[in-house]
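Below is one structure, written out as structure tokens, with a few remarks after it.
Below is the structure:
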């Protein structure tokens, strides 16, 4: 192994470093931390010319190779993994730009098999799991037990279907997706429950919410004996491979812009609808790699813990209601904050503190991927004295202290130095439900660039972009990330474009793709369980090949 070969370590401490393969298969560090690279690599000096014109898979290979040594995945194998991962995308550019104004664009991230941005990462992660397990099992001697992976994840909708489509029929992998019974959209449940593959288990947890499901997953991963017995694997955005895959589409967006906009990189800004902080963190890594851009705009809904952090330096979940009242008093629809999809290791916020909004994938209080950024902020503000290892250790100790305080008290004051370091790269905008609906209406009524129907999460981003544009030069180029096809969120779209006000609009005719219409008549396979013990029992019985209630009609395991 080369001394400078990329490896990965936990944000929360420890001197151990892992290979890319080990970090991907482990997911969450034993001490509860998240894996990050030992260093941020340098781009080739000619990247702006040599990468121009590359296809999305080719660009992925160029960027991912900076983080994945050939000793872990040979170059030709990595190309094959990437090509297979993105072969199911419907658009030739994979993540195309759509112009919505003179200097405004939307990057459509939903052209994968489940019509959501998470396909970009989870199709890649699924191929990584397959590749690593096939290679390991191919090296086993005759009669030696083969390695298997039991993937367990929680979802409020889109992560589950994207993970299932990424892992369906993969050998040596069984996937269990937990979701709150009766609390996801019919289309989201149908996308998961109609997949017939024998290695897929959709688990509806009764009398629960998303935080309950997420807490169950966290408990299973923290149970060393259970984890070791079943070799649990993570598909939530705590897995580094998901962040890595998402870095690519920021570069893809840059190369799709007109040449004039590319040359004006300092005036390029991305706006990201943000819940779990993974998508926007990938943009931060792209910026640190050297992609020219201004501050990243964090677009939040009324669950605004991130917006409050960038304004105050406090990261707190237990007084969200009071904070919302204070911020909401600034304006009836949105309140700007200057400077301001399913993790497992954070303490789940109480369901009473989370406000249900029209953008449910962002109804999160504690964003698991924010921990990765906090590590870098601790490193930046922790002083320059000492060796690289000593500086890293100080940052890990600081972060660990913050996470302990957050778990104990539900909040932590990170201080003004940390806040100032953060706002050098980010600012945030908070968008209300009313403004979300109004934004859907606005883009439907676009004249030159419309009509354009957007989902509620994209609408949050577009509203944040419009507020942000008032703070900067009028010739700034804006790219708002569109995270889901509007068909995934019919209730919000139909509420915004009601028949009484928009009689010519028909959701089924104008928005719903034929592929999703076909799901309505397919058989659904759902396993309903009660609480953590019900989940444990189901996994145990499946892995032992035993019969269990609801087993009828499934293929052999």
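In this note's numbering, the protein residues as written are 61 to 617. No residue lacks a Cβ here, since even glycine has one placed at the ideal position from N, Cα and C.
Helix, strand or coil at residue i [DSSP, three-state]
i           : result
residue 204 : coil
residue 487 : strand
residue 344 : helix
residue 211 : strand
residue 313 : helix
residue 496 : helix
residue 300 : helix
residue 599 : helix
residue 76  : coil
residue 538 : strand
residue 618 : The structure shown does not extend to residue 618, since the chain is modelled only from 61 to 617, so the question has no answer here.
residue 550 : helix
residue 266 : coil
residue 605 : coil
residue 293 : strand
residue 329 : strand
residue 421 : helix
residue 284 : helix
residue 318 : coil
residue 240 : strand
residue 589 : strand
residue 620 : Residue 620 lies beyond the stretch modelled for the chain, which goes from 61 to 617, so this question has no answer here.
residue 307 : helix
residue 100 : coil
Distance, residue j Cα to residue i Cα
i           : j           : result
residue 320 : residue 239 : 46 Å
residue 303 : residue 571 : 29 Å
residue 542 : residue 339 : 11 Å
residue 162 : residue 234 : 48 Å
residue 450 : residue 275 : 34 Å
residue 98  : residue 67  : 6 Å
residue 605 : residue 242 : 28 Å
residue 399 : residue 197 : No answer about residue 399 holds up, because its pLDDT of 31 lies below 50 and its placement is not dependable.
residue 535 : residue 328 : 9 Å
residue 157 : residue 171 : 12 Å
residue 245 : residue 557 : 18 Å
residue 301 : residue 337 : 15 Å
residue 454 : residue 424 : 29 Å
residue 489 : residue 524 : 5 Å
residue 563 : residue 221 : 32 Å
residue 72  : residue 428 : 13 Å
residue 491 : residue 546 : 18 Å
residue 568 : residue 224 : 25 Å
residue 159 : residue 509 : 7 Å
residue 507 : residue 501 : 12 Å
residue 540 : residue 149 : 20 Å
Those residues which DSSP pairs with residue i across a bridge
i           : result
residue 472 : 375
residue 90  : Partner(s): none; residue 90 has no beta bridge.
residue 521 : DSSP, once it has assigned bridges, lists no residue as partnering residue 521.
residue 157 : 167
residue 70  : 95
residue 506 : Note: residue 506 sits in no beta bridge, so no partner.
residue 356 : 486
residue 562 : Answer by DSSP bridge pairing: none, since residue 562 is not bridged.
residue 260 : 235
residue 83  : The partner list for residue 83 (beta bridge, DSSP) is empty, contrary to what the question assumes.
residue 176 : 544
Selection from the options that minimises the alpha carbon distance to residue i
i           : options               : result
residue 467 : 426, 173 and 445      : 426
residue 365 : 463, 335 and 316      : 335
residue 177 : 417, 377, 226 and 497 : 226
residue 175 : 316, 519, 574 and 374 : 574
residue 431 : 341, 110 and 421      : 341
residue 308 : 85, 533 and 114       : 114
residue 256 : 248, 548 and 229      : 229
residue 415 : 95, 363 and 202       : 363
residue 439 : 429, 447, 428 and 452 : 452
residue 217 : 592, 448, 502 and 419 : 419
residue 346 : 599, 251 and 123      : 123
residue 166 : 181, 503 and 579      : 503
residue 529 : 281, 472 and 356      : 356
residue 315 : 289, 153 and 90       : 153
residue 470 : 377, 133 and 518      : 377
Residue-chain proximity (residue i, chain C), Cβ-Cβ < 7 Å
i           : result
residue 519 : Checking the listed chains, one finds no chain C in this structure; it contains a single protein chain.
Segment contact, 8 Å Cβ cut-off, at least three pairs: the region 100–109 with the region 286–296
no
Exercise. Are three or more beta carbon pairs between the region 212–220 and the region 505–514 nearer than 8 Å?
Worked result: No: fewer than three Cβ pairs fall under 8 Å.
Check whether the region 187–206 and the region 266–273 touch, using three or more Cβ-Cβ pairs below 8 Å as the test. no
- Evaluate the contact criterion for the region 420–440 versus the region 455–463: three or more CB pairs, one atom per stretch, below 8 Å. Yes: the two stretches touch, three or more of their Cβ pairs being nearer than 8 Å.
Segment contact flag, the region 145–154 with the region 181–201, C-beta cutoff 8 Å, min 3 pairs
Yes, the region 145–154 touches the region 181–201.
Stretch pair the region 579–593 + the region 523–539: three plus CB contacts closer than 8 Å: The region 579–593 vs the region 523–539: no contact.
Do the region 367–376 and the region 478–487 touch if we need at least three Cβ pairs shorter than 8 Å?
yes
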